[in-house]
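Residue numbers (my numbering), protein chains in the order written: chain A, 58 to 621; chain B, 181 to 574. Okay, structure first, notes after.
So this is what it looks like as structure tokens:
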């Protein structure tokens, strides 16, 4: 299992590592890599990650600067990209007499051709010809500045001096403007690609509440969050992770509310990721989680922008990964997985009752089969006599022991569930027919399983769908089998032992330094207002205590009153 | 290495074996236990559920319960030896009813109680009864209507009649043993007997008749002295006992009225017993508070007049008082058995005096002065005030 290094030692190692990293950075700067391009990027973390990445990349790429000669550049780009057919190169001459040789390069499919046509080509080729600039008196550097500052009606532009960045922007959908005689390229934002669009999230549905869900596009997702929190303190830091995929990963938090230490810790954990591909936020989750050997998730994921906004407002940090609608939120406590965002949209009384109902369902989902096995094979005297009689008559003629019967039926159900998820939509309905007939009826009629067992499996199944978060439901699904084994070997004693071990384990878990079971263990009286019960919003005036320490007050409201 | 250790530990859990586990379908669930006396031991009868006949679809028309019986020197031995007759493990946790044959009860049941208290499998929530004038074997061989399991029928009938009729009593093992070992209280048990044709009672057809040829019926209370049955009480005395021991929840009280009858439905009764030591002589004061409503009127009595109701209240109180004094007289004179727990009351009042009285409590009980005051009130007259009996005659 995981080797446990005592904390001071760990810190030491970390310090050593950071010293090492700094040294490497210093080396880099000395070796003459241009730092001017870096100052153009607008945030610090990107800087450091970029330099780190460059260190990891092959030395050729790292030092390769853009040439002054246009054709040399085009040739290099084409050669590097293997003449891929979706890379479009258009060279042309601009200026009154066509004295400036230029080229634009973009990736077809990732760009908005109309805007390239209207705002880049049209401006450079047509309008510049009619402009009053006298090309003869200007050198290529002045031309470059002039074009950059006066002729390009494009929102985001960026000067680029090395090929690595050029390729990154090119392949992200930006249009590259290269000019003969200038060792600097301009990246013009023209990103636009086929997008699924904002749809209702399929994994977490609500009756009351916003119906929009995240999409696969990072920018759409950040916009969905920004639309909810219009605050200058909502900060967004972006970096690329994945040597090959160069996936954009952004962290979003409310500066001043989020704990700075958590932010630093998250940044350092993200920086540590050294892998060639990030295709989904699940990759990131596995790299940054606190504890590996646990069935319980310590990173929250959701498809709902409102849930992320609420988490950010609590002082938690969202991790957005390009290419997936599932956004990660850290730190994640056990209670977060057991609460639905709808709890906050419904009135407090029904929200509380539904939470209680949900907790009951969690209990049932985890323990129903094991309790049945334990009671029916070890503790028959615990049952009321009429219930025992009816259970005994159901069991009459069943060839398997209760445990085997239970495991068998649970397995069949798990298979059915998996099949239901994987199978093509068109034949989806047949699975329910087969499942209902095979498990529900035929097995009982044939006498293979008792009707009680079918009821228990269905109850477990229904209860496991109550979980607002699928990742917690998965944990409970796995543990259910463990508890069944314990029940079959030791009865209720085994279940209680298992429960104790489970609670001990949960107590040992941390999510970004926060105790996983907070606010239950450690018990925080103030946070009980939004734990098992949910008080009305005017009573929830403090943010959860452990998550942030600074800006803890939400507002100063009081209970609504009728007019005097 | 750590993984290897965990891997090696896994069999410890999995192979430890489920030594105490048993599947539901391997249990012979015993619902009733009958104990009769033989010359050199016991005749034990157990009633086992045939669970596949009780619920579910696969019913074959056999009986819902099966009775097995065997002789043995001790009860434990007899029950164990029944394994030769029963293909499943005899499981007594869900025992509902223990029935003693009358002969057994008269000879003393103290020795049989040990095995019932000792077994860890036995829950102590079953009720005990005596088969009046018969054997437990015969009593357990009757099919009952409405309730498929005879033991459940007895169990429920005992609870129901204690609540609604007050002339029977549910007695659990603990209560019974406590009464036996206490010097200031003697035990009672309710009697049960088979009515109708005993021979055909065991047939499946019996319960299929609209009017069953035979069945089980609860009788009144049986009086014990120590662990021996000494006699039976009648209806009024049994009710009197229930009044004294504050076990009347609801019952029917019939009082005379102009040569006809009025029946009052008692809705609440509270009894307070107080022991008094006066000049070294024990004395018991019983105070009963009873409330009721009119349940049935057969006479032309004008219920709208308050003085008439007052008159009824007096008769109502007198009826209760008569029952109580009747029961006390009977037990003092005929059985000399303090089933009311008067001795315990004296013990509580004056522990020092009790030490002196304890030895001779039977005699003391016989001469005990019992003072009864009853306050009974009729609270309402049902849905009518005056009866239409007058109009019928006119």
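Quick reminder that beta carbons are idealized off the backbone N, C-alpha and C, glycines included. Quick caveat: nothing in here was measured; it's all calculated off a predicted structure.
Applying the criterion that 16 or more other CB atoms from any shown protein chain within 10 Å of the CB defines a buried residue, is residue 235 of chain A buried or exposed?
With 16 or more Cβ atoms within 10 Å of its Cβ, residue 235 of chain A is classed as buried.
Are the segment 361-368 of chain B and the segment 262-282 of chain B in contact at 8 Å, needing three or more beta carbon pairs?
With a cut-off of 8 Å, the segment 262-282 of chain B and the segment 361-368 of chain B do not count as touching, because too few Cβ pairs lie within range.
Thinking residue 447 of chain B and residue 381 of chain B are a contact (beta carbons under 8 Å), I'd like their distance in whole angstroms, please.
Residue 447 of chain B to residue 381 of chain B, Cβ: 37 Å. No contact.
For residue 399 of chain A and residue 265 of chain A, I'd like the C-alpha separation in whole angstroms.
Going from the Cα of residue 399 of chain A to the Cα of residue 265 of chain A covers about 6 Å.
Would the segment 249-265 of chain B count as touching the segment 365-375 of chain B if we require 3 or more Cβ pairs under 8 Å?
Contact between the segment 249-265 of chain B and the segment 365-375 of chain B is absent, because fewer than three Cβ pairs lie under 8 Å.
Can you give me the C-alpha to C-alpha distance between residue 295 of chain B and residue 353 of chain B, rounded to a whole angstrom?
Roughly 11 Å between the two C-alpha positions.
Between residue 172 of chain A and chain B, is there a C-beta pair that is closer than 8 Å?
Chain B contact via Cβ: absent.
Using a C-beta cutoff of 8 Å, does residue 230 of chain A count as contacting chain B?
False, the Cβ-Cβ gap to chain B never drops below 8 Å.
Is the beta carbon of residue 351 of chain B sitting closer than 8 Å to the one on residue 293 of chain B?
No, they are not a contact pair.
List the residues of chain A that residue 558 of chain B touches, going by C-beta distances under 9 Å, in chain order.
What residue 558 of chain B touches in chain A: nothing, since even the nearest Cβ is about 39 Å away.
Would residue 252 of chain B pass as a contact of residue 214 of chain B if the rule is Cβ separation under 8 Å?
The answer is no: Cβ separation not under 8 Å.
With distances taken Cα to Cα, identify the nearest neighbour of residue 617 of chain A among A:142, A:594 and A:603.
It is A:594.
What residues of chain A sit near residue 577 of chain B, judged by a beta carbon separation below 7 Å?
Outside the modelled stretch of chain B, which goes from 181 to 574, sits residue 577 of chain B, for which no answer is possible.
Would you mind listing the alpha helix (DSSP H) stretches within the segment 293-341 of chain B that are 4+ residues and don't spill past its ends, in chain order?
Runs found: 316-319.
Once DSSP output is grouped into helix, strand and coil, what is the label at residue 292 of chain A?
Reduced to three states, the DSSP call for residue 292 of chain A is strand.
Give the list of continuous beta strand (DSSP E) stretches no shorter than 3 residues that lie fully inside the segment 363-440 of chain B.
For the segment 363-440 of chain B, whole beta strand (DSSP E) runs of length 3 or above, ordered along the chain, are 368-376, 394-405, 408-412 and 431-437.
From residue 372 of chain A to residue 196 of chain A, what distance separates their C-alpha atoms?
For residue 372 of chain A and residue 196 of chain A, the distance between alpha carbons rounds to 53 Å.
Give a yes or no on whether the C-beta atoms belonging to residue 533 of chain B and residue 422 of chain B are separated by under 8 Å.
No. Outside cutoff.
Which residue's Cα is closest to the Cα of residue 230 of chain A: A:396, A:274 and A:240?
Of the listed residues, the one whose Cα sits closest to residue 230 of chain A is A:274.
Would you mind telling me which residues of chain B sit closer than 9 Å to residue 437 of chain A, beta carbon to beta carbon, in chain order?
By Cβ distance, chain B contributes 202, 204, 207, 209, 271, 273 and 274.
Nearest by alpha-carbon distance to residue 126 of chain A: which of A:148, A:462, A:464 and A:437 is it?
Taking only the C-alpha atoms, the option nearest residue 126 of chain A is A:148.
Going by beta carbon distance, what residues of the same chain come within less than 6 Å of residue 176 of chain A, once the five residues before and after it are set aside?
210 and 211, listed in sequence order.
Who are the near neighbours of residue 501 of chain B in its chain, counting only those whose CB is closer than 7 Å to its CB and skipping five residues on each side?
So the list reads 552 and 554, once near-sequence residues are dropped.
Determine the extent of the alpha helix (DSSP H) in which residue 369 of chain A is found, giving its start and end residues.
It spans 362-371 - the alpha helix (DSSP H) in which residue 369 of chain A sits, taken as one unbroken run.
First and last residue of the alpha helix (DSSP H) that includes residue 302 of chain A?
Per DSSP, residue 302 of chain A belongs to no alpha helix (DSSP H) and is neither H nor E.
Jot down the residue ranges of each uninterrupted alpha helix (DSSP H) in the segment 529-609 of chain A, minimum 4 residues, whole runs only, in chain order.
Those alpha helix (DSSP H) runs which fall completely within the segment 529-609 of chain A and span 4+ residues are 549-565.
My output table needs one value for residue 239 of chain B: the three-state DSSP class, helix, strand or coil.
Coil, per DSSP.
What residues of chain A sit near residue 231 of chain B, judged by a beta carbon separation below 7 Å?
The contacting residues are 446, 449, 450 and 453.
Per DSSP, which one or two residues make a beta bridge with residue 569 of chain B?
Residue 569 of chain B is not bridged to any residue.
Expressed to the nearest angstrom, what Euclidean distance is found between the alpha-carbon atoms of residue 519 of chain A and residue 190 of chain B?
Rounded to whole angstroms, residue 519 of chain A to residue 190 of chain B spans 31 Å at the Cα level.
Check whether the segment 294-311 of chain B touches the segment 332-344 of chain B, counting contact only when three or more Cβ pairs, one atom from each stretch, lie closer than 8 Å.
Touching, per the Cβ criterion.
Is it the case that the Cβ atoms of residue 564 of chain A and residue 578 of chain A are separated by a distance below 8 Å?
Yes, Cβ-Cβ distance for residue 564 of chain A and residue 578 of chain A is below 8 Å.
For residue 396 of chain B and residue 510 of chain B, which I take to be in contact (beta-carbon distance under 8 Å), what is that distance rounded to the nearest angstrom?
So it is not a contact: roughly 26 Å between Cβ atoms.
Using a threshold of 8 Å, state whether the C-beta atoms of residue 224 of chain B and residue 208 of chain B are closer than that.
Not in contact: residue 224 of chain B and residue 208 of chain B (Cβ atoms no closer than 8 Å).
Taking residue 470 of chain B as part of the beta strand (DSSP E), name the residues at either end of that continuous run.
Residue 470 of chain B -> beta strand (DSSP E) spans 461-477.
At least one CB of chain B closer than 8 Å to the CB of residue 548 of chain A: is that the case?
Answer yes: the Cβ-Cβ gap between residue 548 of chain A and chain B drops below 8 Å somewhere.
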